[in-house]
Amino acid sequence: MVRIPIIKLTRRQLYDEIWEISVAGAAKKYGVPYALLMKQVKEAGIPIPPSGYWAKLSFGKPVVKLELSEPFEEVVSIFDTMERIRERKPRKMPEPKLVIDPMPKNHKSRESSKSALQTEVAPSASIQDETIADATIASIAHVAPDPETIDLFGKPYNVYNRETLYQEVWEAPVTQVAKRYEVSDVAIHKVCKALEIPTPPAGYWAKVRAGKAVTVIPLPKSDTASEKIGIRTGMTYQQEAAREPLAFLTEEDRSVVLTVASQILLPDADARKHPKIMAHRKTVTEWKKQRKSAGSKGWTLHSSDSAPFLAEVISNDALPRVCRIIDALIKAMEPLGCSLTDDLGFIVTGETVRVSFSESKDKVAHMLTKEENMRLLEYEDARRRSSWASKPQIRKYDHVYNGRISLTVDGKKTFRDCKAYVLEERLGNIMIEIYEAAESLRQARVAREEAKRKRLEEEHRIEEHRKLYNTEVDRTRALANLAKDYATACEIRRYISVVEASESLSDETLGWIEWAKAKADWYDPTVAKEDALFGKRE
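The numbering of the sequence shown is the numbering used here, which starts it at -15 and goes up by one.
Now the structure itself:
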């Protein structure tokens, strides 16, 4: 049977449709099954938006539009039915007649139909019949494109379209559909239930393979959303730790850095620290002394006197340990061209990487101080004398440092003391993470600089366009004025010709004519005669 296309479009027209309303939108617009349209689009060599394209577009993020290759004006015929696939067998067998009624184009007529659509299958007891039916189902599943996905929170989510999913679950078993979406068949059933999509009943596909008549339930009208998203639970990810470290470095530099990181050692407790570490530790000690002194006198430090690095997050007992960790890192990295800032930031390949520390606290019962005991005694005395005595507010718990330290590189990757290891055992990993953070900062800086360059170029282009536009406006206005002046000069000359045609011209009239001709020449931009009183016309 000859298939008749429902529409013919040039490759350029179909490309514009797909990139404007998506493949799903075009399928809905022309009443073509999504999977079938996708197959024809791929056969025509038309690029389609990649995964996550529409999500990025909706969030205002930059997207990449794939260019269409030539020929642009080649006509593509779009069909709404699929060619049947039959396998040729060595033995001549009566082929079963398998007629699957496609979804009607008119959705309303399908909804108003009182009887379900019937799929007639000629009965046959041959094993080859099952093979043909299986091949038909497999071919439908094979031509179906990859499901549309979007990335949310770093994970892929499937986009389930109601009409597309309806076609898929009636063209192939739910287990096969689930494999395409990389989820369980239970998840597909839940999505179908949420979108009010009817699914084949139990035994449906067995009847199809056996050549028995089956009933296809039409898609009912629904007020639910036409699309739903769901996480791709079956997709596996390569953990970040499994990525090749320092892949951005040359092989030689990478080998050197990894070797140093694997051999990094913690200096002795009494070893001389890096000069900037010693200077900063002194700054922290002085700041704590000033705050303690101010607190004992009831004063508070000025808001401008912000706490130096480590001052408010690390206890006095843990401060030497933190300094040793920083000292070990910088002494290993300094021969590689790295350095420290005054506030103990790491400068790696020209980028400043911030490393923050924090110390955990334990919640313990508050031990009353001498002053608090006195306040409680005063309260009890006052309570015996008067019922209006106010009980002092004394906290029940204290939060004390426990020595467990956490280290965070560039506010992203965190290393912390735990039962399995302490920070000193992860110095090599910390060093590698600092290099990784430096590369991320470099890429971000390059991206900012590139964005700034493009912004300045755009501003320059707009300014140049504005100047050209204003110049063009001025020239156009000048042209219009010159044309008006020329028209005025022509009008004056025509009037002079009428006056000269009179039979009798007095001397006064002749003088006026000469004056009028001079004024016409003054108006005429092609003559631009200078007037004795007016000068040149501007």
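Just so you know, even glycine gets a beta-carbon here, dropped at the ideal spot from N, CA and C.
Residue i and residue j closer than 7 Å at C-beta
| i | j | result |
| --- | --- | --- |
| Leu411 | Ile389 | no |
| Val348 | Asp301 | no |
| Asn142 | Glu211 | no |
| Phe293 | Asp327 | yes |
| Ala312 | Pro251 | yes |
| Leu52 | Tyr(-1) | yes |
| Arg477 | Ala504 | yes |
| Thr148 | Glu180 | no |
| Arg(-13) | Phe56 | no |
| Pro229 | Ile416 | yes |
| Phe341 | Leu303 | no |
Cβ separation of residue i and residue j, assumed to be a contact under 8 Å, to the nearest whole Å
| i | j | result |
| --- | --- | --- |
| Phe63 | Ile(-10) | 7 Å |
| Leu335 | Leu425 | Here the sequence assigns Glu to residue 335, which means Leu is not the residue at that position. Confirmed, Cβ separation roughly 4 Å. |
| Ile314 | Val306 | With 8 Å as the limit, Ile314 and Val306 do not qualify as a contact, their Cβ atoms being about 13 Å apart. |
| Val384 | Ala421 | So it is not a contact: roughly 32 Å between Cβ atoms. |
| Asp169 | Thr159 | 5 Å |
| Ile480 | Lys501 | 6 Å |
Reduced DSSP category for residue i - H, G, I as helix; E, B as strand; rest coil
| i | result |
| --- | --- |
| Pro131 | coil |
| Asn300 | coil |
| His383 | strand |
| Arg256 | coil |
| Ser424 | helix |
| Arg216 | coil |
| Asp327 | coil |
| Thr472 | helix |
| Val311 | Note that residue 311 is Asp in the sequence shown here, rather than Val. If DSSP states are grouped into helix, strand and coil, Asp311 belongs with the helices. |
| Lys(-8) | strand |
| Ile32 | coil |
| Glu155 | helix |
| Val393 | strand |
| Glu211 | strand |
| Val241 | helix |
| Val483 | helix |
| Gly530 | The shown model of the chain, from -15 to 522, leaves out residue 530, and the question about it has no answer. |
| Glu27 | helix |
| Leu517 | coil |
| Glu228 | coil |
| Thr333 | coil |
| Arg461 | helix |
| Arg388 | strand |
| Leu294 | coil |
| Leu250 | coil |
| Ser287 | Here Ser287 scores only 45 on pLDDT, less than 50, and its place in the model should not be relied on; the value that follows carries that caveat. Correct three-state label for Ser287: coil. |
Spatial distance of residue i from residue j (CA atoms)
| i | j | result |
| --- | --- | --- |
| Asp401 | Pro33 | 46 Å |
| Arg164 | Ile172 | 11 Å |
| Cys322 | Glu236 | 17 Å |
| Cys176 | Leu(-7) | 33 Å |
| Val457 | Pro46 | 35 Å |
| Glu434 | Pro140 | 29 Å |
| Leu82 | Glu155 | Here Leu82 scores only 34 on pLDDT, less than 50, and its place in the model should not be relied on; the value that follows carries that caveat. Near 13 Å, if we compare the C-alpha coordinates of Glu155 and Leu82. |
| Ala291 | Met262 | 17 Å |
| Lys73 | Pro202 | Residue confidence for Lys73 is low, a pLDDT of 41 falling below 50, so the modelled location carries little weight; the figure read from the coordinates is stated next. Approximately 35 Å, taken between the alpha carbons. |
| Tyr453 | Glu443 | 15 Å |
| Glu27 | Arg338 | 52 Å |
| Arg461 | Thr472 | 16 Å |
| Pro157 | Gly9 | 25 Å |
| Lys526 | Glu132 | Residue 526 cannot be examined here, being either before or after the span of the chain that is shown, -15 to 522. |
| Ser277 | Thr269 | 12 Å |
| Ala245 | Trp38 | 43 Å |
| Ala11 | Tyr188 | 27 Å |
| Gln427 | Glu296 | 32 Å |
| Lys191 | Val161 | 19 Å |
| Gln583 | Ile446 | Beyond the ends of the chain as shown, which are -15 and 522, falls residue 583; an answer cannot be given. |
| Asp365 | Arg265 | 48 Å |
| Gly519 | Arg439 | 49 Å |
Boundaries of the beta strand (DSSP E) in which residue i is found, first to last residue
| i | result |
| --- | --- |
| Ala8 | Careful: Ala8 lies outside any beta strand (DSSP E), inside the alpha helix (DSSP H) at Arg(-5) to Tyr14. |
| Thr199 | Val198 to Val200 |
| Val60 | Val59 to Ile62 |
| Val143 | Lys139 to Asn145 |
Delimiting residues of the alpha helix (DSSP H) encompassing residue i
| i | result |
| --- | --- |
| Asp346 | Segment Val339 to Ala349 is the beta strand (DSSP E) holding Asp346; no alpha helix (DSSP H) there. |
| Arg400 | Unbroken run through Arg400 is the beta strand (DSSP E), Lys397 to Arg400; no alpha helix (DSSP H). |
| Tyr507 | Asp491 to Tyr507 |
| Val47 | First-last for Val47: undefined, no H or E at that position. |
| Glu356 | Lys354 to Arg369 |
| Ala171 | Asp169 to Ala178 |
| Val511 | Taken as a continuous stretch (DSSP letters only), Val511 belongs to no alpha helix (DSSP H), as it is neither H nor E. |
| Tyr405 | Per DSSP, Tyr405 belongs to no alpha helix (DSSP H) and is neither H nor E. |
| Arg193 | Tyr188 to Ala194 |
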